[in-house]
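The block underneath contains the structure these notes are about, expressed in structure tokens.
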Amino acid sequence: METVRSPFSSDEMMGRQMMSRNHRSKSNHNQIQKKCSLRKNQLFGPWGPGAILPCPDGSSLMIAGLDEFPFQKDMNQVHDRRLASFIGVTRLLEPPTNEGTRIYAVRFPLWMYCPRCHTMYKSKPIETSIPRCGKPSCNHCKLVPERFVVACPNGHIDDLPLLELIHGEPVNPEEHVLVRKTRGGSGTLRDIYYYCEKCNKGIPLDTIASPGALEKYGYHCRGSRPWLEETPSSPCDAPTSDLRVIQRGGTNVWYSQTISSIYIPDTHRKAALDYAEAKYDYLTTISACGGEAFREVLSHEARRAGINTDELLAAFQSLQEDQGAQSTRSELAYKHEEYGVLSDPDRFKSDLESFEGSALPSSEYSSRLLKSAVESISLISTLKETKALIGFSRLYPNVKPGVSFDEQRSMLSRNRLDWALATQLTGEGVFLKLNEGLLDAWSSIPSVRKRTEQLESNLKHPANSFNAQEADGTLNPRYIALHTLAHILMLGITQECGYPTASVRERIYCNRSLDDPSDQSMNGILIYTASDDSEGSLGGLVRAGRPGIFERIFDKAISDARWCSSDPVCIESPGQGQGSCNLAACYSCALVPETSCENANKILDRAMLTGTLEDPSIGLFNFDGGPISNDSQMAVREPLSLLDDTDYSQTSVADICSSASYGIKPSEAEYISFLSDALSFKHIEHPAPNCIIGNQSIEIPATLGWAVARVALLSQEDVEDSGMSLEELRDAARGWDVYAIDDAPAPEELLNILENNCG
């Protein structure tokens, strides 16, 4: 994979003027490249414009804005007209990949200190060599950048206002000498002390680093944006109490704001675009009516043209944006077009290099759990994900609600650009379309609504002001369930396929808020992997989604979600994670790397899938009328046991096995004979022959059953008598190890299972 080589040498740093290559030798140039370089994807996080980049030689640099990208002619265009229109640009450009391409940066922070005498200096942002101490006694050693900076939730960042804080007012820096001292040996903030040698005044770092401390000193954000080399025209309006003193290397210095899109080639929508263009004036008039009336007209026109309603809507909205009309599409509405394509990928065969897939009905899968909850599964063997950088935030990973793309992009450049930084990845995925009727019935249960309100209350807590976007409106329980299901399936798939968890990502197609006027009919999950390699992945994800494999992953994921190693603390938690934005979800059960989650590991609760200890019916896979039948639900609530309590401890194992072997297939009888010989040499619980395991709601016949070890062996006749498949029996007999004799472990291995289960 080619990478962007962005040498930021502290000896020959990139300022606003790029130095000529003739000024250095080729070997010197190669040496500089090794000192500090970036891969192209790192410009989308963690080191995009406005981020602080630590260099191996100790320098600290801030990546300059997109205005300073002098090589647009070297940047390849990313073709995704749909995404470009959505964010309001005419072009999407990919970072250059040619060797030796340089990206501009400025020095930040400007406060630096001598590691020997601790004298502090303020450097210049475009200084092209590492500043050195002015004292000969220090041998003019290189200065070290200050570790702490001041950040603002509006995206501004500045050096510590040390002179003002120490003296209580603005002073002439030329007339004062600051020293950075470290006292004690603990390395805490209290041990770092800033001191003015001329005035004999000082201040410890901990007094200005605590929340709200800067407000006591009367400091206000200056609106500084050093990556854009701007002189603030007016102070920032952020309350001083919201400012924070943070470490320049902290993750909260720069949170990437990107928007991703599953690429749908325009050729797939050509008929819709042509028809929308022909009917543009008429549709524009009708769209003023809004709501259901517009939707009905669209459906009528789509039927007349023989095209999909969602495609016609997307095409009309795209034409509106192209003609300068104000786009009213939310991100959810933008996803709706993808949802239609992923739900029925077989309709799109015109550009197999960009998108290829096929849909399978859930009836082709053997899992009763899966068939009841999932309507169809689409195996997407080829997909392209386009990712565009639209801004960044500081202190918190969320942008304030209501901020337009233009406002977010203004953080990346001084001038409004007609292009955005983007990249396109190739991969594959598995898309699940869930049963809408099931979700509607489940989400109407009062106990589900009550638990949703509990999570909604956590999100709307005043301490979680940075979660305002997630807390906007009434939280949709379907989103919580689908989001959590995506997480446990990602964990299950990575265990099956061997993918690193961080390489698999999710895309949720469901409305987060019930108050959103956008279409709420989406109930889908896309689990996918993508890379910038032209070949994408190697097909492992699609293979995992095929019948015969995926049902095993699905059932195991649901089963594993029923218990967490942190239970009962996890399942009973009133709120955990960032800002208590999750209920029953922790790194032992449902959390994934944050780069894999579209919502930063928030709004998760596995109780929405499996229920709580007090009320299992809260779970989507437990409630009455849900995927698990009422009988199976009772089986979960009431443990299964041997219904015949006959004591076989005084009966020989040979006689028990002989009795169990009557009337079964020869191959099954042969297995029990071998098992009888192995059991004769072990002091293990004697099994019950031709027994029934169950409770008042369900009965499962078994050829042999071990009550203490909770193991059952079933003949083919037993399975047929039960009226269920083996997978359904295993699902119903939770807490028991159920084996068909023909597929059972070897006798010696089964003995180990019995011994382990007996403790």
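Residues 177 to 935 (the numbering used here) are what the sequence shown spells out, left to right. Backbone N, C-alpha and C define an ideal beta-carbon position, used for all residues, glycine too.
Relative to the alpha-carbon of residue i, which residue among the options has its alpha-carbon at the smallest distance?
i      : options                           : result
Phe220 : Ala617, Gly482, Ser891 and Gln600 : Gln600
Ile228 : Leu338, Glu727, Gly426 and Glu561 : Gly426
Ala878 : Phe850, Tyr838, Pro291 and Ile860 : Tyr838
Ser261 : Ala240, Ile435 and Pro723         : Ile435
Gly234 : Asp243, Pro291, Ala509 and Val254 : Pro291
Arg523 : Glu561, Ser538, Lys511 and Asn484 : Asn484
Ile239 : Thr266, Glu405 and Tyr393         : Glu405
Lys300 : Leu286, Pro750 and Glu351         : Leu286
Leu608 : Gly388, His476, Leu449 and Tyr704 : Tyr704
His255 : Leu214, Pro346, Ser534 and Thr562 : Thr562
Ala651 : Gly394, Lys377 and Lys778         : For clarity, residue 651 is Leu in the given sequence; the question names Ala instead. It is Lys778 whose Cα lies nearest to the Cα of Leu651.
Ser213 : Gly226, Cys231, Gly399 and Asp894 : Cys231
Asp250 : Arg654, Glu727 and Leu597         : Leu597
Lys377 : Val355, Tyr393 and Glu391         : Val355
Val429 : Thr295, Gly533, His637 and Asp334 : Asp334
Pro537 : Glu529, Lys374, Arg719 and Ser552 : Ser552
Leu818 : Ile684, Thr788, His862 and Cys412 : His862
Cys686 : Tyr675, Ile656 and Gly755         : Ile656
Tyr393 : Thr383, Gly399 and Thr771         : Thr383
Arg145 : Arg910, Asp691 and Pro387         : Nothing can be reported for residue 145, as the shown portion of the chain is limited to 177 through 935.
Gly399 : Val347, Cys328, Ser417 and Leu339 : Cys328
Leu614 : Asn798, His512, Leu880 and Glu672 : Asn798
Count the other CB atoms within 10 Å of the CB of residue i; is the residue buried (16 or more) or exposed (fewer)?
i      : result
Val812 : Note on Val812: pLDDT 39, under 50, position unreliable in the model; the coordinate value appears next. Result: buried.
Asp918 : exposed
Ser203 : Its pLDDT being 36, under 50, Ser203 is placed unreliably in this model, and the coordinates cannot settle the point.
Phe184 : Residue confidence for Phe184 is low, a pLDDT of 37 falling below 50, so the modelled location carries little weight; the figure read from the coordinates is stated next. Classification for Phe184: buried.
Phe531 : buried
Ser313 : exposed
Lys210 : Per-residue confidence for Lys210 stands at a pLDDT of 40, beneath the threshold of 50, marking its modelled position as unreliable; no derived number is given.
Ala737 : buried
Gly668 : buried
Val745 : exposed
Asn699 : buried
Ala920 : buried
Cys934 : exposed
Glu925 : exposed
Arg479 : exposed
Gly603 : buried
Could you pull the start and end residues of the beta strand (DSSP E) that residue i belongs to?
i      : result
Gln433 : Tyr431 to Ile438
Trp595 : Trp595 to Leu610
Pro792 : No beta strand (DSSP E) contains Pro792, which DSSP labels as neither H nor E.
Leu286 : Counting along the chain, Leu286 falls outside any beta strand (DSSP E), and DSSP gives it neither H nor E.
Met296 : Met296 to Lys298
Arg356 : Leu354 to Thr358
Ser236 : Ser236 to Ile239
Does the beta-carbon distance from residue i to residue j come in below 8 Å?
i      : j      : result
Leu767 : Ala761 : yes
Ala864 : Tyr824 : yes
Ala940 : Ile701 : The requested residue 940 is not part of the displayed model; the chain covers only 177 to 935.
Trp595 : Leu268 : yes
Leu851 : Cys833 : yes
Ala783 : Leu759 : yes
Leu588 : Gly331 : no
Ile869 : Glu931 : no
Gln423 : Arg323 : yes
Val606 : Leu495 : no
Leu610 : Leu559 : no
Ser619 : Pro653 : yes
Ala535 : Ser554 : yes
Ala830 : Ile848 : no
Cys757 : Asn634 : yes
Within the 8 Å Cβ cut-off, does residue i reach chain C?
i      : result
Phe470 : The question asks about chain C, but that chain is absent: this structure has only one protein chain.
For the alpha helix (DSSP H) that residue i lies in, which residues bound it at each end?
i      : result
Pro622 : Pro622 to Leu635
Asn932 : Pro923 to Asn933
Gln892 : Gln892 to Ser898
Val829 : Val829 to Ala836
Ser557 : Ser557 -> not in any alpha helix (DSSP H); beta strand (DSSP E) instead, spanning Val550 to Ser569.
Ser852 : Pro842 to Leu855
Lys732 : Phe726 to Ala737
- Using 8 Å as the threshold, is the segment 301-308 in touch with the segment 267-275, meaning 3 or more CB pairs across them? no
- Query: Can you find at least 3 beta carbon pairs, one from the segment 453-466 and one from the segment 276-285, that sit closer than 8 Å?
  - Reply: no
- Query: With contact counted as at least three CB pairs below 8 Å, one residue from each stretch, are the segment 718-731 and the segment 543-559 in contact?
  - Reply: yes
- Task: Evaluate the contact criterion for the segment 783-798 versus the segment 609-624: three or more CB pairs, one atom per stretch, below 8 Å.
- Result: yes
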